[in-house]
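Everything below concerns the one structure shown next.
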Amino acid sequence: MVSPGSDSPRFAYKGDRLKPLRAFCQTARLGSVSRAAEALYVSQPAITLQLQALERDMGVRLLERSGRRLTPTREGQILYELARPLVEGIDGLDAAFRDEVGGLDAGELHVAAGSSTILYLLPKIVAAFREQHADVRLALHNVTGAGGLDLLRSDAVDLAVGSMLDVPSDLSYAPVYRFDPMLIVPRDHPLAKKTDLKLEDLSPYGLILPPKRLTTYRLVDLIFQQNRVPYTVALEVGGWEVIKQYVAMGQGISIVTSICLTDADRERLAARSLAKYFPARSYGVVMRKGKFLSPQARAFVDLIQPDLFVRGGYDETGHSER
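Following the UniProt record's numbering, the numbering of the sequence shown begins with 1 at its first residue and continues without gaps.
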């Protein structure tokens, strides 16, 4: 018990520190009191009271308004990083205990991934997981870009597998695989056998690229801009399979990642390395920082690469290439 003259803080709001910390973590993550209240199934006034009590207890302001969102102050960010693993550990205790007791004989696993990852990278991993854990219900969510990040942040999926150029501060990215950038053209195209291929050689020919919102388009635009080389887009279409088909039809040329090139593709297309100009694309595992890894998720990640995010189910510092 704290003596009246002690400098140690005393927490008085209904004698429970976990609820205010949970309210604070949800508000900091979601950016608003109303969304935190919805996530915790309590009223907005209750969240407000818990936040006020926590700020009184800590003696500092923890949240401030930035536009329409509430964001942590410097002190709030420190508390958030300390409290989140504790809150999520307590909240996930029952499920984690049941999983450990029951092993991997049941449960479910939700993984977010883009079409190319699902089509080219995950088949062997999924097959191995299904063979070893046939009773686990595995759901692959086919999403790209911001859609996958939204699923991670809302805990609708356990993890994501894919490629990232920019890693937000609330996520951890552990790159595992690397694939070279490749120019693909019809086999009878003038660039198919051109010696000393330069970026400028691509300018006269229209490019077939994925939509602008995707990483590939942004990367192609960045490299051409940095090298001051003009380019034109002949066709914008989603999906590597569709792009390869249209290139084979002579509708344009494209810059793809070698992950999507098969032996059958090399019989109808010429592929030339562009590693001199474009960085290799990494693919790996994406997680929300502080996310508890269930035994099912742990088993899936270990099939990709053992010992990723091994800190007792939490990742403190995260992994990032950039």
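Every residue, glycine too, gets a C-beta built ideally from N, C-alpha and C.
Here V126 carries a helix assignment [DSSP, helix/strand/coil].
Straight through space, the alpha carbons of Y231 and S203 are spaced by roughly 5 Å. Uninterrupted alpha helix (DSSP H) stretches at least 4 residues long and entirely within the segment 261-305 occur at 263-268, 295-304, given in chain order.
Contact between the segment 108-125 and the segment 136-145 is present, with at least three C-beta pairs closer than 8 Å. If only complete runs of 3 or more residues are kept, the segment 47-79 shows the beta strand (DSSP E) at 63-66, 69-72, in order along the chain. CA-CA distance, I243 to V301, rounds to 30 Å.
Here the alpha carbons of R65 and R74 stand approximately 13 Å from one another. Under DSSP, A23 shares a beta bridge with no residue.
CA-CA distance, L293 to D158, rounds to 7 Å. If the five residues before and after Y217 are omitted, its C-beta is found closer than 6 Å to the C-beta atoms of L209, P210, all from its own chain and listed in chain order. C-alpha of L219 to C-alpha of D91: approximately 40 Å in a straight line. In this structure, the alpha-carbon of L40 lies about 14 Å from that of L49.
Taking C-beta separations shorter than 7 Å and ignoring five residues to either side along the sequence, the partners of L151 in its chain run A112, H141, V143, V157, following chain order. V136 carries a coil assignment under DSSP once its states are collapsed to helix, strand and coil. For G67, the closest C-alpha among the options S32, L79, D307, Q77 is that of S32. Look at the beta carbons and you see the segment 174-187 touching the segment 254-264: at least three pairs across the two are nearer than 8 Å.
By DSSP's assignment, H110 forms a beta bridge with A139. S115 is bridged by DSSP to nothing; it lacks a bridge partner.
CA-to-CA, the gap between L274 and L207 works out to about 14 Å.
Shortest Cα-Cα distance from G89 to any of G239, L21, V167 involves L21.
Inclusion of L138 and F129 in the CB contact set at 8 Å is warranted, their separation being smaller than that value. Between S163 and R281, the C-beta gap is smaller than 8 Å, which places the two residues in contact. For G238, no alpha helix (DSSP H) encloses it, and the DSSP letter there is neither H nor E. For Y177, the enclosing beta strand (DSSP E) has its first and last residue at 171-179.
DSSP places S154 in the coil class of the three-state scheme, outside both helix and strand.
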